[in-house]
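Trainee: Take this structure, written in structure tokens, and hold onto it; I'll ask about it next.
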Amino acid sequence: MLAKFKRAVDPHNPETMEKRRQREAVTASRVERAAQREAARQEQERERARQAALAMEAAAEAERAAAEQAALEAAAQAELEAALKAEQKAERDARYAARKAAKKERRRGY
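Letter by letter, the sequence shown follows residues 131 to 240 of my numbering.
If you want it as structure tokens, here you go:
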């Protein structure tokens with residue numbers, strides 16, 4: 131029984147050396163998988179950052195287009211209001227001129 135424990139402790143024992151190689155292989159594979167996971171995580175992070183940048187760029191473009199459209203609509207609305215005011219002024223001036231002409235006609239008639 132004591133010989134069994136001595137063999138387990140002996141660093142030159144083939145069984146002990148084989149178990150140590152297996153443990154080292156398992157440890158190496160764990161480290162490799164961890165490195166692969168880290169690389170994949172970093173790649174995903176870069177992709178997310180790229181997607182976020184694209185989304186921000188698209189949002190900025192959409193906002194700029196909306197602002198441009200709003201400016202065009204405001205200009206068109208202002209033009210319509212100016213045309214309406216000019217038309218109303220022309221009608222008002224025509225009524226004023228008609229009243230003045232009628233008053234002048236009445237005065238000549240007396």
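For every residue, glycine included, the Cβ atom is placed at its ideal position computed from N, Cα and C. Fair warning: this is a prediction, and the values are worked out from it, not measured in the lab.
For R203, which residues of its own chain have a beta-carbon under 7 Å away from its beta-carbon, when the five flanking residues on both sides are left out?
Mentor: Per the sequence presented here, residue 203 reads as Glu, with Arg not at that position. So no residue of the chain qualifies.
Trainee: Whole angstroms is fine: what's the gap from R225's alpha carbon to A190's?
Mentor: Using only the alpha carbons, I get a separation of about 52 Å.
Trainee: Give the straight-line distance between the Cα atoms of R163 and H142, rounded to the nearest whole angstrom.
Mentor: Distance between the alpha carbons of R163 and H142 is about 30 Å.
Trainee: Grouping DSSP H, G and I as helix and E and B as strand, with all else coil, what is D223?
Mentor: Residue state, collapsed to three classes: helix.
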